[in-house]
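Numbering of the sequence shown is given in this note's numbering, commencing with residue 1446 and proceeding in unit increments.
Don't be surprised by glycine CBs; every beta carbon is placed ideally from N, CA and C.
None of these values were measured; they are calculated from a predicted model.
Report on the structure given below.
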Amino acid sequence: TFLNAEYQYLAGLDEKIRRIEKVSIKSEYVTGIFVSSAQMVLKFGIATTALCGSMMLARGEITLLPFIMFLIVVSRIYDPLGLSLQNLAAIINTQLNINRMNELYDCPVQTGTTSFDPEDSTIVFDHVGFSYNGEETVLRDVSFAAKQGEVTALIGPSGGGKSTAAKLAARFWDVNSGTILFGGIPVGTVEPETLLSRYSIVFQDVTLFNNTVMENIRIGKYGASDEEVLAAAREAQCDEFVQLLPHGYETVIGENGSELSGGERQRLSIARALLK
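Right, dumping it as structure tokens:
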């Protein structure tokens, strides 16, 4: 089953690559024909000038010096035009990229107040509804309270909206209906960066850097002292495995924590969250 799924995935990927290749070749072909034709016309203009000049020179209508000057001037005029035509494809692609960038600039930006003084850290979902891009509804009329000082777990099947609910609480997106409250304040009224300063998130996929254990934990709080980092590490129970490393907290753990197990990487992520 796994091999069959892998084959189907790779077959679909190959098909998409072939479509992109066909579109790219067609685009280059059309542009190439236009540019080559235009350059041929320009070269024909130079040849025409040389031919007419030679005939006039043979009939004695002009002397050799003006004839040579005309050839030099014509070649100087046509060279920049030929260069511009060669860069035409790049100019067209640049315009397409600019249009895509303008689409990003036109996307709505989340705004809100930077003055945020909640009563506590209780998070309340009040009849929340949400869908991605207005398509299939992910959350419908969801209500619950994650109270401060208590552990709240969202349990359900894969694709049930658990991760979506957590991201909505941090205002990664805005809800379509209902309200999410943090300490009695609607999160939709708070500037996202200000709101996120109150959150510590442990992601399922941990991102670590090719640096020491100490510095990887310190990412959770810029400028944190060594004592703060060590306290967070002990609280996340990192001491158990860090003591076994060659240089303890000064051990370089490799790109994305390649020297650590999955559980050890998760503990470092928890330490980061506690440090924040």
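Where residue i falls, given that 16 or more other Cβ within 10 Å makes a residue buried
| i | result |
| --- | --- |
| T1446 | Annotation note: pLDDT 41 at T1446 (below 50); position unreliable, coordinate value reported separately. With fewer than 16 Cβ atoms within 10 Å of its Cβ, T1446 is classed as exposed. |
| G1693 | exposed |
| E1564 | exposed |
| L1541 | exposed |
| S1588 | exposed |
| C1683 | buried |
| E1709 | buried |
| L1720 | buried |
| I1536 | exposed |
| N1661 | buried |
| L1448 | Reliability fails at L1448, whose pLDDT of 45 lies under 50, so the model's placement of it is uncertain and the value that follows must be treated cautiously. Exposed, because fewer than 16 other Cβ atoms sit within 10 Å of the Cβ of L1448. |
| R1663 | buried |
| R1717 | buried |
| V1468 | exposed |
| L1510 | exposed |
| G1728 | Because residue 1728 is not part of the residues shown, which for the chain are 1446 to 1721, the question remains open. |
| L1458 | exposed |
| G1665 | buried |
Beta-carbon spacing of residue i, residue j below 8 angstroms
| i | j | result |
| --- | --- | --- |
| V1632 | L1640 | yes |
| G1557 | G1623 | no |
| A1610 | L1584 | yes |
| V1620 | A1590 | no |
| I1630 | A1681 | no |
| G1628 | S1566 | yes |
| A1483 | L1516 | no |
| V1687 | V1658 | yes |
| G1601 | K1607 | yes |
Secondary structure of residue i, DSSP reduced to three states
| i | result |
| --- | --- |
| R1679 | helix |
| V1647 | coil |
| A1590 | strand |
| G1490 | helix |
| R1616 | coil |
| L1653 | coil |
| I1568 | strand |
| T1446 | Unreliable positioning characterises T1446 in this predicted model, as indicated by a pLDDT of 41, which lies under 50. A coordinate reading is not provided. |
| F1561 | coil |
| I1462 | helix |
| L1626 | strand |
| R1585 | strand |
| P1631 | strand |
| S1529 | helix |
| G1693 | helix |
| S1670 | coil |
| V1554 | coil |
Rounded distance between the beta-carbons of residue j and residue i, thought under 8 angstroms
| i | j | result |
| --- | --- | --- |
| L1653 | I1698 | 6 angstroms |
| L1487 | Y1523 | 5 angstroms |
From the options, residue whose alpha carbon lies closest to that of residue i
| i | options | result |
| --- | --- | --- |
| F1479 | L1713, G1457, L1533 and F1515 | L1533 |
| G1527 | L1509, G1629 and I1491 | I1491 |
| G1498 | P1525, K1461, M1514 and L1455 | M1514 |
| A1677 | T1494, I1462, R1712 and L1689 | R1712 |
| E1636 | V1554, K1592 and V1596 | V1554 |
| T1494 | S1560, V1518 and T1657 | V1518 |
| S1520 | S1706, W1618, R1679 and F1489 | F1489 |
| S1576 | T1597, Y1550 and W1618 | W1618 |
| N1656 | T1539, N1701 and M1500 | N1701 |
8 angstroms Cβ cutoff, residue i in contact with chain B
| i | result |
| --- | --- |
| R1679 | Given the protein chain composition of this structure (a single chain), no chain B is represented. |
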